[in-house]
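For the sequence shown, our numbering gives the first residue as 102, with consecutive numbering after it.
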Amino acid sequence: RSTLSSSSAASDVYKRQNIESELPFSEVLANYFNTRGFLYIEQKMFANALDDFQKGSSIASGEEESYILENAVLVALYQEQWQNAFDISTRLIDFKVDGGWKWFLRAIAADKIKNKSERKKARAKWQQSINADPNANTIKLLKAALEQSNLSEYQKWL
102 RSTLSSSSAA
112 SDVYKRQNIE
122 SELPFSEVLA
132 NYFNTRGFLY
142 IEQKMFANAL
152 DDFQKGSSIA
162 SGEEESYILE
172 NAVLVALYQE
182 QWQNAFDIST
192 RLIDFKVDGG
202 WKWFLRAIAA
212 DKIKNKSERK
222 KARAKWQQSI
232 NADPNANTIK
242 LLKAALEQSN
252 LSEYQKWL
């Protein structure tokens, strides 16, 4: 007879085995790595998530690449890889995609590596982006991403 906890543990093992298996087809899609990155996050396998976001961004283009890079920056920040987060955000800000979290995440990374000029510039760009498109959902999602993390102190910037 199975208990909930043993069933849950078996389910976790099954998920882990499935997300680490090879792709059953030859065409690799960027979204595959992005989705699997989120599955790794659910399993608290942050290094694997960051690796998949990096892989996904390397084969994506345009907006899709920018969204995947945002995920990579956020995971690097969660992992306290401040310089890596800043470096990834440097790739991210080159995209001409409006909105999103890119400036806010860059400001956090710049603050963590004590780069005051980049922090100030990124915070100003973030504010411009919010003023141009005051998307309440973006703020709500950012608050949720920061809450209960090593980045919760940055909620005051929202």
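For each residue, glycine too, the CB sits at the ideal point set by N, CA and C.
query	result
Nearest neighbour of E171, chosen from W204, A225 and L140 [CA to CA]	W204
Residue environment, I169, which counts as buried when at least 16 other CB atoms sit within 10 Å	buried
Chain B within 7 angstroms of L252, Cβ atoms only	Protein chains in the displayed structure number just one, and chain B is not present.
Within 7 angstroms, strictly: CB atoms of A131 and F154	no
Range of the contiguous alpha helix (DSSP H) that encloses S158	F147 to I160
Q182 versus K213: straight-line alpha-carbon distance, rounded	9 angstroms
Buried versus exposed, by CB contacts within 10 Å (16 or more), E164	exposed
Distance CB(A267)-CB(A186) smaller than 7 angstroms	Because the chain in this structure spans residues 102 to 259, residue 267 falls outside the shown range and cannot be described.
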